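J.: In the working numbering, the protein residues as written are 55 to 129. Yeah, the Cβ is synthetic: ideal placement off N, Cα and C, and Gly gets one too. None of these values were measured; they are calculated from a predicted model.
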């Protein structure tokens, strides 16, 4: 699920969500397409970065987890 444009987490913690960006700084938004990217030559890799961000709720420490489903169109 989405959490203010970020990816929601589940668990005991509160006040956090996940932000995913590609190697060019484009932010992934739940339900939105990202701009086409380039595969890393020689490795066939796509690099993404994950940041834990505040979501403007009161912080509460605890364990959390999240599952992000994505679709890749390759042509």
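Using CA atoms only, rank isn't needed, just tell me which of 92, 87, 104 is closest to residue 125.
T.: Within the chain shown, the letter at position 71 stands for residue 125. Ranking 92, 87, 104 by Cα distance to residue 125 puts 87 first.
J.: Whose C-alpha, out of 57, 79, 61, 118, is nearest the C-alpha of residue 100?
T.: Locating residue 100 in the chain shown gives position 46, counting from the first residue. When only C-alpha atoms are compared, the closest one is 79.
J.: Is the beta carbon of residue 113 sitting closer than 8 angstroms to the one on residue 83?
T.: Working through the chain shown from its first residue, we reach residue 113 at position 59. Working through the chain shown from its first residue, we reach residue 83 at position 29. Result no, Cβ atoms of residue 113 and residue 83 do not sit closer than 8 angstroms.
J.: With the cut-off set at 8 angstroms, would you say residue 81 and residue 71 are in Cβ contact?
T.: Position 27 of the chain shown, counted from the first residue, corresponds to residue 81. Position 17 of the chain shown, counted from the first residue, corresponds to residue 71. No, Cβ-Cβ distance for residue 81 and residue 71 is not below 8 angstroms.
J.: Where does residue 103 land, buried or exposed, given buried means 16+ other C-beta within 10 angstroms?
T.: Looking up residue 103 in the chain shown gives position 49. Exposed, by the Cβ-count rule.
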